[in-house]
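Accompanying notes for the structure given below.
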């Protein structure tokens with residue numbers, strides 16, 4: 001095939017998984033300070049299927065659209081001025097977010113300093129599962145909450161992509177970690193470092209744990225999880241509400257209780273990805289990939305992801 005085109009999965013109109021169409025599109029070229037990366041694997045995140053359906057970051061996108069922000073691959077070409085990477089380097093990243101990155105494709109281009117060297121201990125499939133979820137957890141715990149040893153951290157939806165990494169980062173920071181998830185995930189979460197697990201389908205979390213210093217809310221207003229979290233957060237503690245930001249109801253309840261709140265939207269951060277890669281390669285952190293799919297199976301992967309019952313992450317194998 002011509003080097004001017006590449007395989008990709010595109011969205012021409014917002015809708016269900018069936019709008020994901022595999023085909024060939026023009027291959028991007030790196031501008032000065034950018035690198036062209038041959039994608040080996042692309043991670044899938046909830047923001048992908050929300051955007052595909054016309055929600056999430058859909059308002060920031062232009063159709064036709066190539067979804068995907070998590071990528072792991074090999075530098076193919078460097079633009080003028082790039083000094084930190086060279087052709088052949090194995091890298092991973094979450095480029096451009098929330099602008100389109102085009103990860104569901106054979107090639108992506110982005111500024112070189114949005115990429116970090118891939119963890120050497122991981123395959124491309126495993127590495128592609130990390131960037132968006134790991135950066136969300138890292139920027140929440142390290143940069144926003146500034147968690148310190150001895151604090152108690154409650155992680156909602158702990159078995160998901162962000163959640164299972166947040167459990168590990170919080171433990172690495174020396175916190176006592178309480179995780180909510182369905183009971184079949186409990187043994188695994190304790191292996192990852194959770195000190196206490198709560199099955200939210202059988203017991204209300206506010207009746208199962210004492211006060212905490214930080215809540216990582218990955219659920220939001222569903223079942224009033226955000227507002228209910230106020231009752232378990234100590235005065236002066238912090239709730240970081242990630243799915244939709246701080247709702248009016250949460251702002252009111254937290255203000256009355258003297259609890260701080262913060263929204264968070266993840267940003268590209270190569271320095272953090274480098275630190276995360278070091279933790280992975282040291283064995284302190286691991287990433288869970290429940291299943292990988294061929295690029296052309298993107299619709300099937302989205303259908304599975306939308307069940308919200310996966311353990312860890314789903315990944316598209318672009319180069320098989």
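In the UniProt record's numbering, the protein residues as written are 1 to 320.
Glycine is no exception: its CB is placed at the ideal position from the N, C-alpha and C atoms.
> Do the segment 169-181 and the segment 143-154 meet, that is, are 3 or more Cβ pairs less than 8 Å apart?
Replying inline: yes
> residue 70 and residue 131 look like a contact to me (Cβ under 8 Å); what is the Cβ gap, rounded to whole Å?
Replying inline: Position 70 of the chain shown, counted from the start, is the residue given in the question as residue 70. Position 131 of the chain shown, counted from the start, is the residue given in the question as residue 131. Right, the Cβ-Cβ distance comes to about 5 Å (below 8 Å), so this counts as a contact.
>> Please state the DSSP three-state secondary structure of residue 204.
In response: The residue labelled residue 204 in the question sits at position 204 within the chain shown. Coil.
>> Out of 173, 26, 298, 289, which one is the CA nearest neighbour of residue 149?
In response: The residue you call residue 149 lines up with position 149 of the chain shown. Comparing Cα-Cα distances from residue 149 to each of 173, 26, 298, 289, the minimum goes to 173.
> Which residues in the same chain as residue 57 place their Cβ atom closer than 7 Å to its Cβ, once the five residues preceding and following it in sequence are excluded?
Replying inline: Counting from 1 along the chain shown, the entry for residue 57 is found at position 57. If we look at residue 57 and ignore the five residues flanking it on each side, its Cβ neighbours are 47, 51, 98.
> If you follow the beta strand (DSSP E) that residue 313 is part of, which residue opens it and which one closes it?
Replying inline: In the chain shown, residue 313 corresponds to position 313, counting from 1. From DSSP, the beta strand (DSSP E) with residue 313 extends over 313-317.
> Okay, do the segment 112-130 and the segment 213-233 touch, 3+ Cβ pairs below 8 Å being the bar?
Replying inline: no
>> I need the boundaries of the beta strand (DSSP E) containing residue 234, first residue and last residue.
In response: On the chain shown, position 234 is the one that residue 234 refers to. Element bounds for residue 234: 233-241.
> Looking at the structure shown, is residue 3 part of a helix, part of a strand, or coil, going by DSSP?
Replying inline: Walking along the chain shown from the start, residue 3 turns up at place 3. Note: residue 3 maps to coil in three-state DSSP.
> Which value, in whole angstroms, describes the spacing of the CA atoms of residue 246 and residue 135?
Replying inline: Counting from 1 along the chain shown, the entry for residue 246 is found at position 246. Counting from 1 along the chain shown, the entry for residue 135 is found at position 135. If I take the Cα positions, the gap works out to 20 Å.
>> Which same chain residues end up closer than 7 Å to residue 14 when comparing Cβ atoms and leaving out the 5 residues on each side of it in sequence?
In response: Counting from 1 along the chain shown, the entry for residue 14 is found at position 14. Hits under 7 Å: 52, 53, 54, 58.
>> For residue 309, tell me which candidate among 92, 291, 320 has the shortest Cα-Cα distance.
In response: Counting from one through the chain shown, the residue named residue 309 turns up at place 309. Out of 92, 291, 320, 291 has the C-alpha closest to the C-alpha of residue 309.
>> Using DSSP's beta-bridge definition, name the partner residues of residue 212.
In response: In the chain shown, residue 212 corresponds to position 212, counting from 1. Paired residues: 233.
> Excluding five sequence neighbours on each side, which residues of the same chain lie with their C-beta closer than 6 Å to the C-beta of residue 45?
Replying inline: One-based indexing of the chain shown puts residue 45 at position 45. So the list reads 132, once near-sequence residues are dropped.
> Short check: CB of residue 75 to CB of residue 86, under 8 Å?
Replying inline: In the chain shown, the residue the question calls residue 75 occupies position 75. In the chain shown, the residue the question calls residue 86 occupies position 86. Yes, the Cβ-Cβ distance between residue 75 and residue 86 is below 8 Å.
> Are residue 257 and residue 240 touching if we call contact CB-CB under 8 Å?
Replying inline: Looking up residue 257 in the chain shown gives position 257. Looking up residue 240 in the chain shown gives position 240. Not closer than 8 Å, so no.
> residue 72: buried (16+ other C-beta within 10 angstroms of its C-beta) or exposed?
Replying inline: Looking up residue 72 in the chain shown gives position 72. Classification for residue 72: buried.
> From residue 28 to residue 79, what does the alpha carbon distance come to, in whole angstroms?
Replying inline: For the purposes of this step, residue 28 is taken as the residue at position 28 of the chain shown. For the purposes of this step, residue 79 is taken as the residue at position 79 of the chain shown. Roughly 12 Å separates the two Cα atoms.
>> Under DSSP, the alpha helix (DSSP H) around residue 169 begins and ends at which residues?
In response: In the chain shown, counting from the first residue as 1, residue 169 sits at position 169. Run containing residue 169: 161-172, per the alpha helix (DSSP H) assignment.
> Can you list, in chain order, the residues of its chain whose CB lies under 6 Å from that of residue 221, leaving out five sequence neighbours each side?
Replying inline: By 1-based counting over the chain shown, the position of residue 221 is 221. Result list for residue 221: 247, in chain order.
> By Cβ distance below 6 Å, which residues in the same chain neighbour residue 197 in space, the five residues on each side in sequence not counted?
Replying inline: To locate residue 197, count along the chain shown from 1; it is residue 197. These residues qualify, in order along the chain: 179, 186, 189.
> Between the segment 135-144 and the segment 106-114, do three or more beta carbon pairs fall short of 8 Å?
Replying inline: no
> Can you tell me the Cα-Cα spacing of residue 91 and residue 208, whole angstroms?
Replying inline: Start at 1 with the first residue of the chain shown, and residue 91 comes out as number 91. Start at 1 with the first residue of the chain shown, and residue 208 comes out as number 208. Distance between the alpha carbons of residue 91 and residue 208 is about 42 Å.
> Just how far apart, CA to CA, sit residue 272 and residue 114?
Replying inline: Residue 272 sits at position 272 when you count from the first residue of the chain shown. Residue 114 sits at position 114 when you count from the first residue of the chain shown. Spanning the two alpha carbons is a distance of roughly 10 Å.
>> I need the DSSP call for residue 9, collapsed to helix, strand or coil.
In response: Taking the chain shown and counting its residues from 1, one reaches residue 9 at position 9. Three-state DSSP puts residue 9 in a strand.
> Where DSSP assigns a beta bridge to residue 109, which residues make up the other side?
Replying inline: Working through the chain shown from its first residue, we reach residue 109 at position 109. Looking at the DSSP assignment, residue 109 forms a beta bridge with 36.
> Between residue 84 and chain B, is there a C-beta pair that is closer than 8 Å?
Replying inline: No chain B appears in this structure, which consists of one protein chain only.
>> Can you tell me which residues form a DSSP beta bridge with residue 154?
In response: In the chain shown, residue 154 corresponds to position 154, counting from 1. Bridge partners of residue 154: 178, 215.
>> Using only CA atoms, which one of 182, 159, 195, 194 lies nearest to residue 202?
In response: Locating residue 202 in the chain shown gives position 202, where the first residue counts as 1. Among 182, 159, 195, 194, the Cα nearest to that of residue 202 belongs to 182.
> Where residue 88 and residue 253 are concerned, what is the direct C-alpha to C-alpha distance, given to the nearest angstrom?
Replying inline: Position 88 of the chain shown holds residue 88. Position 253 of the chain shown holds residue 253. C-alpha separation (whole angstroms): 52 Å.
>> Can you check which of these residues, 262, 147, 63, 38, is closest to residue 21 by C-alpha distance?
In response: Sequence index remark: in the chain shown, residue 21 carries index 21 (1-based). Per the Cα distances, 63.
>> DSSP three-state label for residue 284, please.
In response: Position 284 of the chain shown, counting from 1, holds the residue named residue 284. If DSSP states are grouped into helix, strand and coil, residue 284 belongs with coil.
>> Rounded to whole angstroms, what is the Cα-Cα separation between residue 329 and residue 250?
In response: A query on residue 329 cannot be resolved here, the shown segment of the chain reaching from 1 to 320 and no further.
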